[in-house]
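Inspection log for the structure reproduced underneath, given as structure tokens.
Residue numbers (my numbering), protein chains in the order written: chain A, 25 to 213; chain B, 25 to 213; chain C, 25 to 213; chain D, 25 to 213; chain E, 25 to 213; chain F, 25 to 213.
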């Protein structure tokens, strides 16, 4: 089980009300390679992955929920002072008439999140490569987001998140080696 | 952010290996009214609900993740000693060839979870009625699950979860009253 | 069975050609809480709801189809004089290349309608809370739509529809009480 | 708008409680080529089809809702005396834990209905060929359903519905000719 | 099996960098009536269609993949010189943050391709009417696309593709006659 | 463009009519990690991947279509002598009433194929890790399929396909190294 702690993993600041950018950040809230997808993917795989790497999945899954909260906070801050007309103007009209300023698990185009974005095969190597790919894809998304904003406060948070994905990818690559060594070892004895 | 504590909210026991029942429990793992849907629905609404009821959403959301973990543990225990042939025989063949014994966010028919099961409108009363309905629907699902198993150990866990949904529904109904009173109060002064 | 009567439940007028507003109205045509979702939800629940409330579901379901027709008429009137270029300009380019000026059951973002928006549990209270929530959510959507148009003719039709949702929510709340009383009564004798 | 008349278009009888067959009939309730798809497809196209064929779409759409009601009645009669265990045994376990005995817009495999099954292009010939194809596909589904039941009462209702699809296909083919002649005529003068 | 030949079926030229038009062309890449849908629909039906028309399905399916490649090339050429800011400006922001300039099987609104757009019934006439409808719908989409661009180079390619759909529709109509004659013949002897 | 050659990449034999196994093979026809997903994923990425690895994507994509054809042939052979009753008995009843014996792009549970199973990010490393993961997941699926059949003829074809996935994964891993080296080289000069 989890215990909620009322703080963010890393401080979230935004330089200005910018609903257009909020729209694009939704990609990392409810998109194919976003934080929801990441958190749920690893949380789900914990039950059938070998014991030696359960900890990695558990740690990273829990951290991804903290990232999801950071993205939610960014979107909230970027839109909270916007009028309905400003939301419409920024391309958030379809979102507004359905959700007002509420968050929703959808990507930047408004497509609702689906579990078909993620996978669990029961095979440890297949699952870990799925996870490495997930982190590489999330890293790319953060890069595209950083590329289209000049809000340095927002960029700071996004760069932190991008770096975490790089670290996670590395940890999953190490987990692949652990599994492979373990198999070699078992073959020898 | 959340901190993981390595324990279950309530002990999960099962009386026997029963993959057929595991298949039906997936409804509460990745189905329309399951624990994933509940946890994500409330977590998402926290940002735009009035301050007075954020705590309710936060508490219940966090608890629903603990319930999701209980359901996952039940499914794992009901299937861990089953051979591939037993999984196929139990109606889990389609699940097996895609996921082996791994968990996946899908309902009992194998339909992947989708965010379209849940909603957030930004309107506090609409969101709270969405939440009440969610709890009433989850209660019903637990009832149908209890109706088709005679495993008393499993029933014990399912009854605990059903009761929690009743309690949550009650808390959301109280939250509706808090919002309404607040509006009345504001009209008076 | 149903008999078609060639008239609208309430007159639909629009003040001007406004394809941008037509796009947002699609939310109530083919969106999560739109009239199609409402009509189909209640029509479907009639078979397993207790006799005492079948009439309510039947009446409201039939009326929601009339509302769907009103929304369709609004969208048609708001777009019928628009050129392809005007549709593109108004954010309807993606709709145009797929459907020209035809209607389609999709929300304002262009996501096709899915039955996962609605539910039927067989449990009368769960189903009625589902219905109350649906009406509250539809009410909210109408509010957001009214908020972003200054076409008083269109607002008139939208306000009529919003009021009907309030009335329906009330009728479903009464139905909940009818079911509860019935259960109490059965317990006593 | 529509007026509900409390009668079926054609009497529905079933020879026995047969939940297995009810499961397969769901294909015509909420499947790709089922009655819901047909009714909604034609109802939606009425706004942009040429005046000369609006009546055909309107009539057939209204009739398809009556067919949907017949299918619903068949499913209800085939399952109403079944116990939960019998539903599970008949392959309806996944349906039961989600919906009890309630109906739901899903196909025989449990996949929820989606508007992506249908189309509206704004082009009259394209839309009418879409409709002809729809009727031919529904005819085929009725044939496959008739092939797997030996309940003569149920077959009687299914044969009536299959015949209606053949008639509808014919009417849509005539509508194609009306549109084509009209275009020729316009070219001449 | 297939062998790749490094050439396009018909030369693809575009007059200018035009990411806005690239967005709309995605409808024919990954939309309901696009080239992917066409190619996969016919390829899939080959196994159960009568021998006499397998060749038609095989030829047209293979050609549709060549069309898909032409559309991909058009989109690539229309966007390759665009900066991220230009993509955002052209309404491709949601696409950019998810896919950068990569292609993806989605329609112009960003809805991912789904097999529910296509059908296979095993009944030869139903399947061929499905195919005729598909070609008529694709023809309409090409018309709407031609209507909103004034790039004569691009129009040239789109007109070629539109004509091919007309030819394919004709061939499928002939196949319907072949099947019908065959059935008559079989009845006579 | 592609040219069709009327032969299979590898001979497909099956030992007996076995519709139950046909149902599970659908996972590799239209499932998340099946051959359709593989072929379309690589075909789509060719436009934005660096020149040095386009050939790898093109070759493997074309080969995956040949694999798709092999799977289709297996399913066809496993079901062609089955009666409707035998299909129903084998768990293919839902498939039969919708598609008769025709193939369809769905997984073993009957969920239609969706492009959300695959991804293209524009970032070469992210895309190649996506591809490695895809091959590892397909390898796992073939293993689960081999595990539940004792038809040695069918196993022979499945083992061939599993081996091809291992080879493809290796080629994608090499492509990762090529991209990385290229980046290093560019940094040096």
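Note that the Cβ used here is the ideal one computed from N, Cα and C, for glycine as well.
Keep in mind that this is a model prediction, so the values were computed, not measured.
For residue 29 (chain D), three-class secondary structure by DSSP: As a working mapping, residue 29 (chain D) is identified with position 5 in the fourth chain. Here residue 29 (chain D) sits in coil by DSSP.
Residue 35 (chain E) - DSSP class collapsed to helix/strand/coil: Stepping through the fifth chain from its first residue, residue 35 (chain E) is reached at position 11. Reduced to three states, the DSSP call for residue 35 (chain E) is coil.
Alpha-carbon spacing of residue 183 (chain E) relative to residue 53 (chain E), whole angstroms: For the purposes of this step, residue 183 (chain E) is taken as residue 159 along the fifth chain, with counting starting at 1. For the purposes of this step, residue 53 (chain E) is taken as residue 29 along the fifth chain, with counting starting at 1. Approximately 16 Å between the Cα atoms of the pair.
Under 7 Å from the C-beta of residue 55 (chain A): neighbouring residues of chain E: Looking up residue 55 (chain A) in the first chain gives position 31. By Cβ distance, chain E contributes 122.
Where residue 138 (chain D) falls: helix, strand or coil (DSSP): Within the fourth chain, residue 138 (chain D) is the residue found at index 114, counting from 1. Residue state, collapsed to three classes: strand.
Contact set for residue 104 (chain D): own chain, Cβ-Cβ below 8 Å, skip 5 residues either direction: The count along the fourth chain starts at 1 and reaches residue 104 (chain D) at position 80. So the list reads 41 and 125, once near-sequence residues are dropped.
Of the listed residues F:69, F:45, F:67 and F:76, nearest to residue 206 (chain F) (C-alpha basis): Locating residue 206 (chain F) in the sixth chain gives position 182, counting from the first residue. Residue F:76 is the option with its Cα nearest to residue 206 (chain F).
Nearest-angstrom beta carbon gap, residue 48 (chain E) and residue 121 (chain C) [assumed within contact, 8 Å]: Your numbering for residue 121 (chain C) matches position 97 in the third chain. Your numbering for residue 48 (chain E) matches position 24 in the fifth chain. Yes, they are in contact, since the Cβ atoms of residue 121 (chain C) and residue 48 (chain E) sit about 5 Å apart, within 8 Å.
Distance CB(residue 50 (chain F))-CB(residue 119 (chain F)) smaller than 9 Å: To locate residue 50 (chain F), count along the sixth chain from 1; it is residue 26. To locate residue 119 (chain F), count along the sixth chain from 1; it is residue 95. The answer is yes: Cβ separation under 9 Å.
Chain-order list of residues whose beta-carbon lies under 8 Å from that of residue 129 (chain B) (same chain, five-residue window excluded): In the second chain, residue 129 (chain B) corresponds to position 105, counting from 1. Within the same chain, residue 129 (chain B) has close Cβ partners 53, 54, 60, 136 and 137.
Residue 158 (chain E) vs residue 57 (chain E) beta-carbon contact at 9 Å: Locating residue 158 (chain E) in the fifth chain gives position 134, counting from the first residue. Locating residue 57 (chain E) in the fifth chain gives position 33, counting from the first residue. Going by C-beta atoms, residue 158 (chain E) is nearer than 9 Å to residue 57 (chain E).
Assumed close pair residue 26 (chain E), residue 168 (chain F) - CB separation to whole angstroms, cut-off 8 Å: The residue given as residue 26 (chain E) occupies position 2 in the fifth chain. The residue given as residue 168 (chain F) occupies position 144 in the sixth chain. Actually they do not touch by this definition, with Cβ atoms about 28 Å apart.
Selection from A:195, A:146, A:110 and A:162 that minimises the alpha carbon distance to residue 91 (chain A): The residue given as residue 91 (chain A) occupies position 67 in the first chain. Ranking the options by Cα distance to residue 91 (chain A), first place goes to A:162.
Neighbourhood of residue 199 (chain A) by C-beta, 6 Å cutoff - its chain only, sequence neighbours within 5 removed: In the first chain, residue 199 (chain A) corresponds to position 175, counting from 1. Cβ neighbours of residue 199 (chain A) beyond the five flanking positions: 77, 80 and 152.
Residue-level contact to chain C via CB, residue 117 (chain A), 9 Å cutoff: Within the first chain, the letter at position 93 stands for residue 117 (chain A). Yes - at least one Cβ of chain C is within 9 Å of the one on residue 117 (chain A).
Rounded separation between residue 96 (chain F) and residue 177 (chain F) - CA only: For the purposes of this step, residue 96 (chain F) is identified with residue 72 of the sixth chain, where counting begins at 1. For the purposes of this step, residue 177 (chain F) is identified with residue 153 of the sixth chain, where counting begins at 1. Spanning the two alpha carbons is a distance of roughly 15 Å.
6 Å CB neighbourhood of residue 114 (chain F) in its chain, flanking five on each side removed: The residue given as residue 114 (chain F) occupies position 90 in the sixth chain. Correct list, in chain order: 43 and 44.
Which listed residue (E:66, E:112 and E:28) has its alpha carbon closest to that of residue 193 (chain E): Against the fifth chain, residue 193 (chain E) aligns to sequence position 169. The candidate whose alpha carbon is nearest that of residue 193 (chain E) is E:66.
Span separating the alpha-carbon of residue 211 (chain B) from that of residue 202 (chain B): As a working mapping, residue 211 (chain B) is identified with position 187 in the second chain. As a working mapping, residue 202 (chain B) is identified with position 178 in the second chain. Going by the C-alpha atoms only, they are around 14 Å apart.
Min CB distance residue 109 (chain E) to chain F below 9 Å: Locating residue 109 (chain E) in the fifth chain gives position 85, where the first residue counts as 1. Answer no: the Cβ-Cβ gap between residue 109 (chain E) and chain F never drops below 9 Å.
Residues of the segment 149 to 167 of chain C whose Cβ lies closer than 9 Å to any Cβ of chain B, in chain order: 149, 150, 151, 152, 153, 154, 155, 156, 157, 158, 159, 160, 161, 162, 163, 164, 165 and 167
Cβ-based neighbour list, residue 196 (chain D), same chain, cut-off 6 Å, excluding 5 preceding and 5 following: Numbered from its first residue, the fourth chain carries residue 196 (chain D) at position 172. Correct list, in chain order: 152, 155 and 156.
Within chain E, the residues that residue 140 (chain D) reaches when beta carbons sit closer than 7 Å: Sequence index remark: in the fourth chain, residue 140 (chain D) carries index 116 (1-based). 56, 138, 140 and 141, listed in chain order.
CB contact below 9 Å: residue 51 (chain A) versus chain E: Against the first chain, residue 51 (chain A) aligns to sequence position 27. Chain E, which has a Cβ nearer than 9 Å to the Cβ of residue 51 (chain A), makes this yes.
Nearest-angstrom beta carbon gap, residue 181 (chain A) and residue 98 (chain A) [assumed within contact, 8 Å]: Here residue 98 (chain A) refers to the residue found at position 74 of the first chain. Here residue 181 (chain A) refers to the residue found at position 157 of the first chain. Yes, they are in contact, since the Cβ atoms of residue 98 (chain A) and residue 181 (chain A) sit about 6 Å apart, within 8 Å.
Any chain B beta carbon closer than 9 Å to residue 198 (chain D): Position 174 of the fourth chain, counting from 1, holds the residue named residue 198 (chain D). So no, residue 198 (chain D) is outside the interface.
When F:68, F:164, F:179 and F:173 are compared against residue 35 (chain F), the one with the closest alpha-carbon: The residue labelled residue 35 (chain F) in the question sits at position 11 within the sixth chain. Answer by Cα proximity: F:179.
Beta-carbon proximity of residue 68 (chain B) to residue 144 (chain B), cut-off 9 Å: Taking the first residue of the second chain as 1, we reach residue 68 (chain B) at position 44. Taking the first residue of the second chain as 1, we reach residue 144 (chain B) at position 120. Yes. Within cutoff.
Rounded separation between residue 175 (chain A) and residue 186 (chain A) - CA only: One-based indexing of the first chain puts residue 175 (chain A) at position 151. One-based indexing of the first chain puts residue 186 (chain A) at position 162. Spanning the two alpha carbons is a distance of roughly 16 Å.
Nearest-angstrom Cβ-Cβ length linking residue 142 (chain F) and residue 109 (chain B), presumed shorter than 8 Å: Translated into the one-based positions of the sixth chain, residue 142 (chain F) becomes position 118. Translated into the one-based positions of the second chain, residue 109 (chain B) becomes position 85. Going by Cβ atoms, the distance from residue 142 (chain F) to residue 109 (chain B) rounds to 32 Å, so no, they are not a contact pair.
Neighbour flag for residue 133 (chain A) against chain C, beta carbons, 9 Å: Taking the first chain and counting its residues from 1, the one referred to as residue 133 (chain A) is at position 109. Judged by the 9 Å Cβ criterion, residue 133 (chain A) is in contact with chain C.
Chain D contact residues for residue 69 (chain C), given Cβ-Cβ distances below 7 Å: Within the third chain, residue 69 (chain C) is the residue found at index 45, counting from 1. What residue 69 (chain C) touches in chain D: 126.
Closest residue to residue 72 (chain C) among C:191, C:170 and C:146 (Cα-Cα distance): Taking the first residue of the third chain as 1, we reach residue 72 (chain C) at position 48. Checked all of C:191, C:170 and C:146; the closest Cα to residue 72 (chain C) is C:146.
Residue 89 (chain B) and residue 63 (chain B) closer than 9 Å at C-beta: Numbered from its first residue, the second chain carries residue 89 (chain B) at position 65. Numbered from its first residue, the second chain carries residue 63 (chain B) at position 39. Cβ atoms of residue 89 (chain B) and residue 63 (chain B): closer than 9 Å.
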